[in-house]
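These notes concern the structure reproduced below.
In the numbering used here, the protein residues as written are 50 to 135.
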């Protein structure tokens with residue numbers, strides 16, 4: 050994740066990764082990341098839950114604007130199958 054993001058950023062395009070493994074992401078040090086405590090295979094949330102997926106994508110896009118320090122990892126407090134997005 051980190052090397053690809055840094056390569057793209059070197060061309061002037063901002064990036065943000067969505068991760069399910071915060072500890073690994075910290076070691077890789079991508080320019081920006083959004084960390085969720087969701088099961089593997091569900092980086093945007095539950096299947097067919099468009100509101101949930103949209104919220105997570107918007108949170109990631111907001112990170113492109115708000116994160117100023119390289120290596121910052123956002124951690125929204127969403128809880129798998131408990132947080133309502135409707």
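Heads up, the beta-carbon is just placed ideally off N, CA and C, and yes, glycines get one too.
For clarity, every value in this text was computed on a predicted model and none was experimentally measured.
**OP:** Return helix, strand or coil for residue 74, following the three-state DSSP convention.
**Re:** Here residue 74 is taken as the residue at index 25 of the chain shown, counted from 1. Judged by DSSP in its simplified three-state form, residue 74 adopts helix.
Original post:
Among 79, 60, 56 and 70, which residue has its Cα nearest to the Cα of residue 112?
Top reply: Position 63 of the chain shown, counted from the start, is the residue given in the question as residue 112. Comparing Cα positions, the closest option is 79.
Original post:
On the premise that residue 67 lies in contact with residue 83, defined as a C-beta separation below 8 Å, what is that separation, rounded to the nearest angstrom?
Top reply: Numbered from 1 along the chain shown, position 34 holds the residue referred to as residue 83. Numbered from 1 along the chain shown, position 18 holds the residue referred to as residue 67. The distance from the Cβ of residue 83 to that of residue 67 is about 5 Å, consistent with a contact at the 8 Å cut-off.
Original post:
Does DSSP put residue 67 in a helix, a strand or coil?
Top reply: Along the chain shown, read from residue 1 onward, the residue named residue 67 stands at position 18. The answer is strand: DSSP assigns residue 67 an E or B state.
Original post:
Does the stretch 124 to 134 come within contact of the stretch 87 to 101, defined as at least 3 CB pairs closer than 8 Å?
Top reply: The stretch 124 to 134 vs the stretch 87 to 101: in contact.
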